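Peer 1:
There are 2 protein chains.
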Amino acid sequence: MPTSENGSTPVYREIADELREQIRSGRLTDGDRLPGENTLMERHGIARATARQALSELINEGLASPVRGSGVYVRLFRPVRRHGSRRLSRDIWGRGGSIWQTQERDYEVDRLLVDEAVPEAHVARALGLAEEEAVLRRSRRYLVDGRPVQNAVSYLAPAVAAAAPRVREHDTGPGGVYARLAEVGLAPVRFTEEIRVRMPTPGEREDLSLPPGTPVVDVARTALADGNRPVEFGEITMDGSAYVLQYDFEA
Amino acid sequence: MPTSENGSTPVYREIADELREQIRSGRLTDGDRLPGENTLMERHGIARATARQALSELINEGLASPVRGSGVYVRLFRPVRRHGSRRLSRDIWGRGGSIWQTQERDYEVDRLLVDEAVPEAHVARALGLAEEEAVLRRSRRYLVDGRPVQNAVSYLAPAVAAAAPRVREHDTGPGGVYARLAEVGLAPVRFTEEIRVRMPTPGEREDLSLPPGTPVVDVARTALADGNRPVEFGEITMDGSAYVLQYDFEA
DNA sequence: AAGTGGTCTAGACCACTCG
DNA sequence: GAGTGGTCTAGACCACTTA
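Rendered as structure tokens:
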């Protein structure tokens with residue numbers, strides 16, 4: 001029994017292509033069950049490992065998600081919009097809202113941690129500090145619809161934290177950290193965001209409940225007060241399937 | 001629905017963790033060869049499929065790349081910076097530069113295609129057109145250091161293309177499409193960019209020479225002329241490992 | 001020619017889900 | 001209890017790279 005031959009494309013790939021086409025065409029949609037390993041083995045006369053490989057193609061592309069003891073299901077994609085400029089505009093946090101207020105979806109913060117730490121070199125550089133200088137660190141995880149969607153860590157230079165002591169509290173009050181900074185004349189006036197994309201580490205996969213085939217987005221944000229003085233540096237790791245990032249800017 | 005809990009970590013995972021740690025610590029770096037399937041089988045007393053699964057973990061994370069007949073190698077990450085706002089600023093294309101001028105790296109355009117087509121619904125919507133109306137389409141692939149890094153398609157409404165006929169040419173002249181639009185009073189004054197992240201389709205994997213474990217970034221850009229009139233809509237698919245996107249904006 | 005990864009077969013035991 | 005995906009073994013042939 002020489003394996004079926006078609007010159008070039010491997011069998012598992014052809015099966016994956018066929019299933020992908022059914023998803024693309026809409027014949028299979030969000031939450032539908034894909035044919036299982038046994039079904040594929042029988043239908044195509046192949047070994048188990050080959051059927052698995054076909055399914056793992058789709059899983060690694062983020063189009064499907066395996067559920068132990070149940071099946072492999074087509075995966076849904078309902079991203080949340082995150083506005084760059086508008087989101088951080090003074091209008092919003094100046095009125096006591098949070099940067100998340102432009103979202104229609106519910107959100108929660110869980111696992112908020114506030115501490116001090118000597119930051120890594122790139123953080124110190126972003127804040128314009130000498131190394132070895134400790135900074136205030138605020139770490140938190142955000143949930144949307146009860147599902148973890150991002151981890152965020154923000155760093156505040158000691159001088160800044162000293163000027164606005166409430167940023168050390170868990171509850172920083174209406175408008176959050178930026179509003180407290182504004183009260184002491186350190187309002188952010190400019191932001192820089194750097195976006196990188198990559199596959200998550202196993203730890204992040206677990207922490208954000210990411211199915212296989214889901215990339216993450218790293219956003220590194222620097223907030224600058226008047227005179228281009230850096231007042232905050234934030235690192236955010238987001239579930240890439242959960243967001244659409246939007247930036248509006250002038251020519 | 002989700003998710004999985006683990007009592008004991010599988011063998012393939014432990015091996016992958018070990019190798020990942022060697023990469024993270026720097027003991028193995030860019031271009032180094034990882035232990036092969038045979039080595040892992042012997043060293044850990046496992047079957048071939050298990051060794052393969054360990055290596056495929058790293059490959060799917062984008063940390064390593066397999067080379068047929070040779071080995072599995074640690075993968076390098078040298079992204080190019082792409083500026084949002086600054087890049088598209090009038091300063092640059094007003095002086096006859098291209099949006100790529102802020103890059104230090106060499107770039108090339110290959111496979112430039114200019115034609116007319118009835119666009120998909122979301123494109124028609126972005127350009128404010130009735131459906132079924134044909135638009136001018138410019139498709140091209142960009143190379144950096146000889147390596148394909150992005151595919152871009154831009155759409156121009158028929159009225160806009162009629163006003164600036166040179167946008168139908170392959171060579172649109174100094175400053176490119178935007179400069180031609182500016183000459184007829186249709187200079188873009190505002191841009192909106194939407195960023196999405198996902199795993200590539202097999203076709204994109206081939207087209208952009210993407211190794212497994214490399215996500216792509218989709219940028220959907222709308223250029224608006226005076227009076228918020230949409231003049232161009234562009235869709236870009238980028239090799240996620242090749243770029244850092246930067247956006248600067250005011251509070 | 002030897003070694004490598006790519007594909008595939010044919011089994012096995014397990015933990016889990018579901019009716 | 002039947003079915004599912006998760007893990008693993010022990011083989012095989014192939015195309016390709018490297019020396």
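Top to bottom, those sequences are chains A and B.
The opening residue of the first sequence carries number 1 in this note's numbering; numbering runs sequentially from there.
The opening residue of the second sequence carries number 1 in this note's numbering; numbering runs sequentially from there.
Beta carbons are placed, not taken as given, at the ideal position from N, Cα and C, and that holds for glycine.
Computed from a prediction, not measured in an experiment: that's the story for all the values here.
1) For residue 6 (chain B), is the classification buried or exposed, using 16 other Cβ atoms within 10 angstroms of its Cβ as the cut-off for buried?
2) Can you find a CB in chain B that lies within less than 8 Å of the CB of residue 156 (chain A)?
3) Considering just the uninterrupted stretch of the beta strand (DSSP E) at residue 202 (chain A), what are its terminal residues?
4) How would you label residue 42 (chain A), buried or exposed, when you count the other beta carbons within 10 angstroms and need 16 or more for buried?
5) Give me the Cβ distance between residue 217 (chain B) and residue 81 (chain B), rounded to the nearest whole Å; I'm assuming they're in contact under 8 Å.
6) Bridge partners for residue 249 (chain B) per DSSP, in chain order?
7) For residue 126 (chain A), tell me which candidate among A:180, A:14, A:15 and A:228 has the shortest Cα-Cα distance.
8) Less than 8 Å between the C-beta atoms of residue 199 (chain A) and residue 213 (chain B), yes or no?
9) For the alpha helix (DSSP H) containing residue 83 (chain B), list its first residue and its last residue.
10) Quick one: Cα of residue 231 (chain A) to Cα of residue 144 (chain B), how far?
11) Taking 8 Å as the threshold (beta carbon to beta carbon), is residue 41 (chain A) in contact with chain B?
12) Hey, does residue 228 (chain B) have any beta-carbon neighbour from chain A nearer than 8 Å?
13) Which residue wins for smallest C-alpha separation from residue 241 (chain B), given the options B:222, B:221 and B:210?
14) Check the DSSP bridge columns for residue 157 (chain B) and list the partner residues they point to.
15) Where does residue 34 (chain A) sit, in a helix, a strand or coil, going by DSSP?
16) Going by C-alpha distance, which of B:64, B:22, B:176 and B:137 is nearest residue 118 (chain B)?
17) DSSP three-state label for residue 175 (chain A), please.
18) Would you give the residue range spanned by the alpha helix (DSSP H) that residue 9 (chain A) belongs to?
19) Give the residues from the stretch 193 to 218 of chain B that approach chain A closer than 9 Å (Cβ to any Cβ), ordered along the chain.
20) Note down, in chain order, each residue of its chain lying with its Cβ closer than 6 Å to the Cβ of residue 161 (chain A), except the 5 sequence neighbours on either side.
21) I'd like to know if residue 248 (chain B) contacts chain A, where contact means its C-beta is closer than 8 Å to some C-beta of that chain.
22) Quick check: what's the CA-CA separation for residue 37 (chain B) versus residue 204 (chain B)?
23) Of the choices A:146, A:115, A:75 and A:78, whose alpha-carbon is the least far from that of residue 107 (chain A)?
24) Does any CB atom of chain A fall closer than 8 Å to the CB of residue 48 (chain B)?
25) Leaving out five residues on either side along the sequence, give the residues of the same chain with a beta carbon under 6 Å from the beta carbon of residue 196 (chain B).
26) State buried or exposed for residue 174 (chain B), treating a residue as buried only when at least 16 other CB atoms are found within 10 Å of its CB.
27) Is the Cβ-Cβ distance between residue 113 (chain A) and residue 58 (chain A) less than 8 Å?
28) How far does the beta strand (DSSP E) with residue 222 (chain B) in it reach, from first residue to last?
29) With 9 Å as the C-beta to C-beta threshold (strictly closer), list the residues of the stretch 169 to 193 of chain B near chain A in chain order.
30) Sort out for me which residues DSSP pairs residue 141 (chain A) with in a bridge.
31) Hey, how far is the Cα of residue 157 (chain A) from the Cα of residue 134 (chain A)?
32) Run down chain A in chain order and give the residues with a C-beta less than 8 Å from the C-beta of residue 244 (chain B).
Peer 2: For this structure:
1) Along the second sequence, one-based indexing puts residue 6 (chain B) at 6. Note that residue 6 (chain B) scores a pLDDT of 39, beneath 50, so its modelled location is shaky and nothing firm can be said.
2) Indexing the first sequence from 1 puts residue 156 (chain A) at position 156. Taking 8 Å as the threshold, the shortest C-beta distance from residue 156 (chain A) to chain B does not fall below it.
3) Walking along the first sequence from the start, residue 202 (chain A) turns up at place 202. Premise fails: residue 202 (chain A) lies in the alpha helix (DSSP H), 202 to 207, not in any beta strand (DSSP E).
4) For the purposes of this step, residue 42 (chain A) is taken as residue 42 along the first sequence, with counting starting at 1. Residue environment analysis places residue 42 (chain A) among the exposed positions, since fewer than 16 neighbouring C-beta atoms fall within 10 angstroms of its C-beta.
5) Here residue 217 (chain B) refers to the residue found at position 217 when the second sequence is read from its first residue. Here residue 81 (chain B) refers to the residue found at position 81 when the second sequence is read from its first residue. Between residue 81 (chain B) and residue 217 (chain B) the Cβ distance is about 13 Å, and since that is not below 8 Å, they are no contact.
6) What you label residue 249 (chain B) is simply residue 249 of the second sequence in a count that begins at 1. According to DSSP, which records beta bridges pairwise, residue 249 (chain B) is partnered with A:191.
7) Counted from its first residue, the first sequence places residue 126 (chain A) at position 126. The shortest C-alpha to C-alpha distance from residue 126 (chain A) to any of A:180, A:14, A:15 and A:228 is the one to A:228.
8) If you number the first sequence from 1, residue 199 (chain A) lands on position 199. If you number the second sequence from 1, residue 213 (chain B) lands on position 213. Taking 8 Å as the Cβ cut-off, residue 199 (chain A) and residue 213 (chain B) qualify as a contacting pair.
9) Walking along the second sequence from the start, residue 83 (chain B) turns up at place 83. Not the alpha helix (DSSP H): residue 83 (chain B) falls in the beta strand (DSSP E), residues 80 to 83.
10) Working through the first sequence from its first residue, we reach residue 231 (chain A) at position 231. Working through the second sequence from its first residue, we reach residue 144 (chain B) at position 144. Rounded to the nearest angstrom, the two C-alpha atoms are 35 Å apart.
11) Indexing the first sequence from 1 puts residue 41 (chain A) at position 41. Using beta-carbon distances, residue 41 (chain A) does not count as an interface residue toward chain B, since no partner is under 8 Å.
12) The sequence position of residue 228 (chain B) within the second sequence is 228, counting from 1. Cβ-Cβ to chain A under 8 Å: no for residue 228 (chain B).
13) Stepping through the second sequence from its first residue, residue 241 (chain B) is reached at position 241. For residue 241 (chain B), the nearest C-alpha among the options comes from B:210.
14) Numbered from 1 along the second sequence, position 157 holds the residue referred to as residue 157 (chain B). The partner list for residue 157 (chain B) (beta bridge, DSSP) is empty, contrary to what the question assumes.
15) Your numbering for residue 34 (chain A) matches position 34 in the first sequence. DSSP places residue 34 (chain A) in coil when its eight states are reduced to three.
16) To locate residue 118 (chain B), count along the second sequence from 1; it is residue 118. Out of B:64, B:22, B:176 and B:137, B:137 has the C-alpha closest to the C-alpha of residue 118 (chain B).
17) Reading the first sequence from its first residue, position 175 is the one you call residue 175 (chain A). Residue state, collapsed to three classes: coil.
18) Position 9 of the first sequence, counting from 1, holds the residue named residue 9 (chain A). It is not in any alpha helix (DSSP H) - residue 9 (chain A) carries neither H nor E in the DSSP assignment.
19) Cβ proximity to chain A below 9 Å picks out 193, 194, 195, 196, 197, 198, 199, 200, 201, 202, 212, 213, 214, 215, 216 and 217 from the stretch 193 to 218 of chain B.
20) Position 161 of the first sequence, counting from 1, holds the residue named residue 161 (chain A). Around residue 161 (chain A): 136 and 167.
21) Walking along the second sequence from the start, residue 248 (chain B) turns up at place 248. At a cut-off of 8 Å between beta carbons, residue 248 (chain B) contacts chain A.
22) Here the question's residue 37 (chain B) lines up with position 37 in the second sequence. Here the question's residue 204 (chain B) lines up with position 204 in the second sequence. Whole-angstrom Cα-Cα distance: 28 Å.
23) Stepping through the first sequence from its first residue, residue 107 (chain A) is reached at position 107. Considering only alpha carbons, the answer is A:146.
24) As a first step, residue 48 (chain B) is located in the second sequence; it is residue number 48 there, counting from the start. Residue 48 (chain B) does not count as touching chain A.
25) For the purposes of this step, residue 196 (chain B) is taken as the residue at position 196 of the second sequence. Answer for residue 196 (chain B): 218, listed in chain order.
26) Here residue 174 (chain B) refers to the residue found at position 174 when the second sequence is read from its first residue. With fewer than 16 other CB atoms across the displayed protein chains lying within 10 angstroms of its CB, residue 174 (chain B) is exposed.
27) Here residue 113 (chain A) is taken as the residue at index 113 of the first sequence, counted from 1. Here residue 58 (chain A) is taken as the residue at index 58 of the first sequence, counted from 1. No. Outside cutoff.
28) As a first step, residue 222 (chain B) is located in the second sequence; it is residue number 222 there, counting from the start. Note, residue 222 (chain B): beta strand (DSSP E), 216 to 225.
29) Answer in chain order: 178, 187, 188, 189, 190, 191, 192 and 193.
30) Reading the first sequence from its first residue, position 141 is the one you call residue 141 (chain A). Answer is A:110 and A:151.
31) In the first sequence, residue 157 (chain A) corresponds to position 157, counting from 1. In the first sequence, residue 134 (chain A) corresponds to position 134, counting from 1. Their Cα atoms are separated by approximately 8 Å.
32) For the purposes of this step, residue 244 (chain B) is taken as the residue at position 244 of the second sequence. Simply 194, 195 and 196.
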